[in-house]
Structures are given as structure tokens and as C-alpha cells.
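One structure is given below, encoded as C-alpha cells.
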Amino acid sequence: MPTRFLPPSATGSRRSLLVAGAATALTLGLPAWAQSKAVLRISSPAVPEDWHAKMWTVFKEHLDKSAPGEFDVQINLNASLFKQGAEPAAMARGNLELTTVSAADIAKIVPAFSIFTAAYVVRDPAQQQKIFNGPIGTELFKTVSEKMDISVLSTCYLGTRQLNLRELRTVRSPADLKGIKLRMPGSKDWLFLGEALGATATPLAFGEVYMGLKSGTIDAQDNPLPTVKAAKLYEVTKQIVLTSHLVDGLFIAISNKALQALSPAQRSKVQAAAQAAAAFNNENRLKEESQLVEFFKKEGLQISTPDLEAFHKTVQTAYQNADYGKTWPAGLLERIHAVR
Ligand code: KDO
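So for the sequence shown, the numbering used here puts the first residue at 265; every next one is plus one.
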């Protein structure tokens, strides 16, 4: 099991938290233990049926078992606590302890991370795990901790992103997506990806995608197949084009402030719970992803495989022409490619 970068051991902050807890407990007339539980608020835009939502229950149960009565894990799904992408800022303000951060959200603060938002860079889920559980991950997560004040605890495979269209269309190459309003999450790197795929990228929060497709304000969206199923996007679309353009990941992250408030033993338990949660997600998602084409066919969707060479070529040219890689550390792309 990889050892993630963890900030220095707890100091006064933990003590003051416990003292504060005990003082409040006295005021409220509650037993001290009830107040000194470490509260871990989690926020995620995921729908409850998706694996990276269910994994938080695994996280909670793991902690309830390894540290009975020590943690109060609060799971908030469907972006009910913070809207998609707002989580890192909420963590910096001390209003949130845990979330899953996307590469695009990290890239807003650590530009090198945009390499993982670019199409056809990471080869497959196994390589993704090796990248982030090896030296590249250790180096980058250290920078993330320094710049964002959050610690990455484990890497989840979100799935391989595919195109999902509202109406039937022959899509062989990016040229066939001209004029298609392709919903992307609302940040620069996502929008660039959508344009690089040949479409007109339209920003929209994840929670609005179903209605957007249903009403026709967008023509298409991209997401991994398990999410297309979990969020029921197949109900409002007719076609999936297997572009496999992004082997996507999410990073379970905790605010450094919350982490430092824990004892060393509690920190290890939180780390282990995050590893167990990610393992649960990764295993189930991979298994389901391999079975879903059949499911969607049965639901009446048309599944097609485009000219992948044409997609690779056009997309890579778009990234090169935009000098996109300028913020990528020299040699990082080659190091990623060398991970086997
Ligand atoms: C999405 O909005 O398409 C996306 O897949 C982007 C991911 O980074 C992540 O935020 C995900 O949504 C949510 O967790 C919902 O599944």
C-alpha cells in the first residue's frame, strides 16, 4: 500500500480542538466524547448510485470499525453541500474536510496537473494507478499539499470518458461533431477538451446534465459508462460513441487542517479508510464498465466505435497548436508514457 504524503504530526491544534469540544460539551450538558468526535464532512456531486458515492459508505464503515466512536463522518452527495468544483475553496475556508478532487480542479491551482485533463495521455486504469501510486504521484501530491493545503489520500478510477449523444449521428472523426453542443464541466481544461474533440463545448454542472439532455439545451455529454448508467443519462440519449478520450481519475483529499487536528493513529486510520474506499470504487467500477455496452444496447442505445486514430491525431494537434503543454514540467509527459 503506498504511503501518501502526510503533513507533520498533530500539535496544539488537536489539543485545542479537544479542549474546545469538552468546553462546549460542558456548556450543552453533553458527555465530552460526544463533542470531541472528529467531524469529517464530505461533499461530492456524485449521484448515490455511482461507485464513487457508495465508496464513502465504505470509508465511513471502515472508520467506524477501526476507530469506534472517534469520528463523525457526514456524507453529502448530489452536490447538496457544495457545488461541483467549489469543494477545494470550501476546504481552504475550513468548511469542509473531505472530497474527491478532479485533475481539472487541481489544475486551477497546480497547472502541471492539467496534463491529466488532456485526452489520450493516460493509457488505461492500471497505468493510472501506477502513475499516482508511484514517484510521479508522490511529487505532484506534495505540490498539491503545499499549494492547496489538502492531502491526497488515494486515487479513484472514475472511468474512461465516452461521448453520449441525444440524437443519432454518424460520428467517425472529430469533424463529425462540428456544431454539436457538448456539455462539459465548467472549467478551462474541460472546455478545451470538448473543443479539441471537435464539438462546441458548453459548460454545465453535472447535476443539470440530465435535464439539459432531456430538454435539448445540450446535444451531448461525456462521462464514463458507469456514470451514464448511475445518473440515468441513457434515458435521455440515443447513442454512445466509444472515443475513450480520457482515462479519468478523482483524488480523495482531506484538508490539511483537518488532518493535522488528528492524532497520528487517527491519521493512519483515515488513510486506510480512504484506501479501502478507493479500492471498492476501482474494483466495482472496472467490473461494471466492462459489462455496460451490453446493458446500453438492451436499453436501445446505439453504440459505435469511431476512427480512433483520427480522434488521437486531431486532439493531439489541438493540444500542440495551443501550446497547451507549456505549463507541464519538462519531461513529465515522457515519464508518464514510460510508466508500464
Ligand atoms: C462531470 O461533471 O462530468 C464529472 O464526471 C466530472 C468529474 O470530475 C466529477 O466531478 C464527476 O462529474 C462527479 O463526481 C459526478 O459523477
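The beta-carbon is built from N, C-alpha and C at its ideal position, and this holds for glycine as well.
In this text the structure is predicted, and so the values were computed from the model without any measurement.
Considering just the uninterrupted stretch of the beta strand (DSSP E) at residue i, what are its terminal residues?
i	result
K445	K445 to M448
N546	Careful: N546 lies outside any beta strand (DSSP E), inside the alpha helix (DSSP H) at P528 to E553.
A340	First, the amino acid is wrong: residue 340 is Asn here, not Ala. Note, N340: beta strand (DSSP E), F335 to N340.
P467	T464 to P467
Taking Cβ positions, are residue i and residue j nearer each other than 8 angstroms?
i	j	result
L427	I504	yes
G458	T578	no
L526	A356	no
I252	A484	This structure cannot settle anything about residue 252, because the visible part of the chain is limited to 265 through 604.
D486	L446	yes
A460	A371	no
Out of curiosity, what's the CA-to-CA distance linking residue i and residue j?
i	j	result
R549	S300	36 angstroms
K590	F346	32 angstroms
T501	E558	16 angstroms
E410	I600	22 angstroms
C420	T363	12 angstroms
N585	T507	21 angstroms
V511	Q530	32 angstroms
L565	A494	16 angstroms
T407	S415	10 angstroms
A298	D571	Note that A298 has pLDDT 49, beneath the 50 cutoff, so the model's placement of it is unreliable and the number below is only indicative. Rounded to whole angstroms, A298 to D571 spans 59 angstroms at the Cα level.
Q391	I400	12 angstroms
D328	F335	7 angstroms
T464	W454	12 angstroms
K521	L429	42 angstroms
F405	M412	10 angstroms
S686	L556	Outside the displayed span of the chain (265 to 604) sits residue 686, for which this structure offers no information.
E552	P490	7 angstroms
S554	K394	20 angstroms
H576	R425	14 angstroms
A296	G333	Annotation note: pLDDT 48 at A296 (below 50); position unreliable, no value reported.
Would you mind reading off the limits of the alpha helix (DSSP H) that contains residue i?
i	result
R599	L596 to A602
T507	Here T507 belongs to no alpha helix (DSSP H); instead the beta strand (DSSP E) covers Q503 to S519.
V626	Given a span of 265 to 604 for the chain in the structure shown, any question on residue 626 remains unanswerable.
A460	K452 to A460
A582	L572 to N585
Below 6 angstroms CB to CB, which residues in the same chain sit around residue i once its five sequence neighbours on both sides are set aside?
i	result
A367	F377, F380 and T381
H326	A537 and A540
N545	W315, H316, M319 and C420
S418	I516, A538, Q539 and A542
A574	S437
Can you round the beta-carbon distance between residue i and residue j to whole angstroms, since I take them to be within the 8 angstroms contact cut?
i	j	result
G471	A354	About 17 angstroms; that fails the 8 angstroms criterion.
V693	F323	Residue 693 cannot be examined here, being either before or after the span of the chain that is shown, 265 to 604.
Leaving out five residues before and five after residue i in sequence, what residues of the same chain have Cβ atoms less than 7 angstroms from its Cβ?
i	result
G595	none
K478	V500
Within the same chain, show all residues whose beta-carbon is closer than 8 angstroms to that of residue i, passing over the 5 residues directly before and after it, in chain order.
i	result
D369	G349, E351, P352 and S451
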